[in-house]
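Beneath this line is the structure, given in structure tokens, with notes to follow.
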Amino acid sequence: MTQKPVMHSAHWGAFHAQQAGDRLTIKPFAGDPDPSPLLQNFHTALNHPARVSRPMVRRGWLEDGPGPDQRRGNDEYVAVSWEQACELVARELKRVGDTHGPEGIFGGSYGWSSAGRFHHAQSQVHRFLNTTLGGYVRSVNSYSSGSASVLLPHIVGDMNEIARRGVSWEEIAQHSEIVIAFGGLALKNSQVASGGLSEHTERGFMQQAAQRGTRFISVSPLKSDLPAEAKGEWLALRPGTDAAFILGVLSVLIDEQLTDEAFLSRYTVGWPEMVAYIRGEEDGTQRDAAWAAEICGVSAAFITDFARQLPGKRVLVTVAHALQRSEHGEQPVWLGLVLAAALGQPGLPGGGYTYALGALGHYGKHHNLVSFPALPQGKNGIDRLIPVARISDMLLNPGKPFDYNGRRLTYPHIRLAYWAGGNPFHHHQDLARLRQAFCQLDTLIVHEIAWTASARHADIVLPATMTLEREDVGGAPTDRHLFAMQPVAQPHGEAKDDYTIFTELARLLGSEEAFTEGRDTRGWLEHHYAQLQQKLAMHQVEIPDFEQFWQQGVLELPQLKDGGRMMNAFRADPEASPLPTPSGKIEIYSATIASFDYENCPGHPVWREPQQKPDADHPFWLIANQPATRLHSQLDFGDYSLSGKRDGREVCSLNPDNAASLGINDGEIIELYNPRGHVLASARVTDSVMPGVVQLPTGAWYDPVDPTALRPLCRHGNPNVLTLDIGTSSLTQGCSGQITVVQVRKYAGELTPVQAFIPPQG
Ligand code: PGD
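Position 724, counted from 1, in the sequence shown is what the UniProt record's numbering calls 724; the numbers after and before it change by one each time, with no gaps.
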């Protein structure tokens, strides 16, 4: 039966959808100038065989009860009724809550989930655990920006001010002369924004800027990190060496007296310490262009010439999330700011420093005057936390102390983890270690729309509806359109909304009223809409009533033109509008960070050798970056994601010189390996990757031939089998999964088909 088209919205765009049998027809929102091809992943998603159809319980857990278990990831599943499943979950939550308190439950539940404001799965988990069990051990920060979001408040201000409200794309199109993009400005990243994105404008802005003469310089090992429309230059440094490059550039600016000393003395603290470090007055090592050249793999003459071209120009420096997602990832973020300050640019139109421009569709945009409310999460009765990427460390080391942002904390002893809306076997590093960590739990409960590897490691899997099967409101705080997300289809199989599942569990645990406040989904949507209406009315803005909004499907909200507001005000009057740092200025030297006494992140930016470096056994850098054909691991079984694979396997790009010396031809199956495991992929030979580097995107669902192997072989191409599970530094403890070192060879073993999308036996 063909339904009539309805409005809906995803993290990668708004659209009209119409169901015809098992297939969806998708028409992008008419106001989107450059719709994302990721929309194609919806076509066959609704009733795909990979969907979870019924509540399932792992056989070992069902038969032997809760407890640490090495069978996780390698067990059968038993279908149970919803009634039975909810009783099992409620009983187990009560057991753990009564015996260990909220300290025994990990409810971080990290993940992107889907785009609706109400059904945001992580918020649902948090509200449920707060209202029924009094709280949970939480996680802080994100895999995206775990390092920068902790560092930036120490040295300049809140990350959102520097990224979302940083220098706007309009200003760049109108004013920037040189944009130095450390990590590039790939459109595959900006086509996505958490919460939704109705207008993809980055391509147009880059085109406009390039036509006016802006010089875009993409500093990256991958040529593809800058779109052709930017007509830019590609500067390929060795992965992870951007901090050394910037130090080399600064040394030229200092030696040739090209720095803006008036700006530095009025608006910053710590420049003398930085100069002393660069000149080697601290330790005898001079960080000049020749020193930097050795590390980064470009010549000293190039670095010198590069530096000389910057003074006197309207220069914007931006540093991508990717650079801080590696060991010592704080340093390039900090040094990018120092470079902008040394050139005297912060606060000038189209100049200065902006964090992670283009890393998400939110950045360089404008905020709505009023945002659509999010689901209140209630109050967490305990204050136990981990930086999000320390999940394996926590589960493997209960009671062990660790450092984080000036605090000495200890890992709690977690018995039960509750996950909805995330895929740790996509997002975390060193997946064999992660499996060991999850094997320590008494119980792992997962709500999932599909049989991801995370679901396959769970003890209880509850089938969740996907966004297309329920109503919601879509709208990120930086998107001027608010969307009625109308249901496109009936729920798949026995799937239920996360909210409905939690309502039933709350009822069994005697907390239904506290969890629901007497509202169903429609009740919450109307309640939040009324709050939006009231807040807008205070600004004399009227919007239609909920029913009318729901019928028309979309509403335009007023926006603030607030790009760069913090830095502009600071430049205009640093005394009246100080930055929210201890000194009120840009902190090139942070006395606060220095006081923590971390060797791996001292009081001013430094170059530190990473513990991972190519050597004879593992001569290649692996870049494990964001995929172009899906958001993270979401809908990896979708049409567009599959179109990017070869024979169902992920594609790994390598340089023609390396391919020739390894005897590898385009299209052959290669094996990437290191002490943590092995990964198969189809080789793409391309000169858009610098020599010595191979690139394998994240997001192919983990598909180990033997899930229990200490060094597993993933036949599908998940690079997190290979990445190292270490924090970026003691200051931020961010995820460092962006780069690692590997060996590469033509695969000579037995080749079995990818099985990631075949549900487990049960
Ligand atoms: P997603 O694939 O978005 O990945 O990690 P994240 O866990 O967010 O997972 C979302 C999951 O939610 C999917 O499995 C989807 O099916 C499920 N889901 C969607 N909607 C719903 C719903 O309504 N209810 C429920 N219950 N489930 C739902 C992303 C993370 O990976 C991030 S943000 C980054 S930036 C990191 N990037 C890298 C990287 O660059 N390199 C490496 N090596 N590793 C990374 N990991 C990180």
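Cβ coordinates follow ideal geometry from the N, Cα and C atoms, glycine included.
- The three-state secondary structure of P28, taken from DSSP, is strand.
- In this structure, V488 sits near V6, with a CB-CB distance shorter than 9 Å.
- DSSP places V150 inside the alpha helix (DSSP H), whose first and last residues are A148 to I155.
- Taking the Cβ of C735 as the reference point, at least one heavy atom of the ligand PGD falls within a distance shorter than 8 Å.
- Going by beta carbons, T732 and G157 fall outside the 9 Å limit.
- Judged by the Cβ position, D498 qualifies as a neighbour of the ligand PGD at the 8 Å threshold, a heavy atom of the ligand being closer than this.
- At the C-beta level, S595 and G584 stay beyond 9 Å of one another.
- Burial state of R308 is exposed, judged by a 10 Å Cβ sphere holding fewer than 16 other Cβ atoms.
- Relative to the non-hydrogen atoms of the ligand PGD, the Cβ of H426 comes within a distance shorter than 8 Å of at least one.
- Residue burial annotation: S299 is exposed, with fewer than 16 other C-beta atoms found within 10 angstroms of its C-beta.
- Not one heavy atom of the ligand PGD falls within 8 Å of the beta-carbon of Y77.
- About 23 Å separates the beta carbon of D32 from that of A20, a gap too long to meet the 8 Å contact definition.
- Where L642 is concerned, the enclosing alpha helix (DSSP H) starts and stops at D639 to S643.
- A direct Cα-to-Cα measurement between L654 and M690 gives close to 8 Å.
- Per DSSP, H527 is one residue of the alpha helix (DSSP H) stretching across T521 to A537.
- Checking the DSSP bridge columns, you'll see H427 has no partner listed.
- The nearest non-hydrogen atom of the ligand PGD is 8 Å or more from the C-beta of P373.
- A heavy atom of the ligand PGD is found nearer than 8 Å to the CB of G422.
- Distances from the alpha-carbon of L560 to those of H362, A530 and L369 put L369 closest.
- Annotation: the continuous alpha helix (DSSP H) that includes N160 extends over M159 to I162.
- In the structure shown, P102 falls within a helical segment according to DSSP collapsed to helix, strand and coil.
- One Cα belongs to S661, the other to E256, and the distance between them is close to 43 Å.
- By the Cβ rule, the stretch 271-281 does not count as touching the stretch 313-332, because fewer than three pairs are nearer than 8 Å.
- Collapsing the DSSP output to three states places W607 in coil.
- Shown here for R435: same chain residues with a beta carbon closer than 6 Å to its own, the five before and five after excluded, namely G73 in chain order.
- For D255, no beta strand (DSSP E) run applies; the uninterrupted alpha helix (DSSP H) run containing it begins and ends at D242 to D255, by DSSP.
- Inter-residue distance for W607 and L151 is about 16 Å (C-alpha atoms, whole angstroms).
- In this structure, DSSP gives E587 an extended state, which the three-state scheme calls strand.
- With a threshold of 16 other beta carbon atoms within 10 Å, H539 falls short and is exposed.
- Here the alpha carbons of D22 and I670 stand approximately 35 Å from one another.
- In the three-state DSSP reduction, L258 falls in the coil class, being neither helix nor strand.
- A straight line joining the alpha-carbon of R456 with that of G421 spans about 15 Å.
- S454 sits away from F483, with the two beta carbons spaced by 9 Å or more.
- Nearest in C-alpha terms to R59, of all of T443, C601, Q626 and I178, is T443.
- Going by C-alpha positions, Q174 is about 8 Å away from Q208.
- Per the Cβ contact rule, the stretch 470-478 is in contact with the stretch 358-368 (3 or more Cβ pairs under 8 Å).
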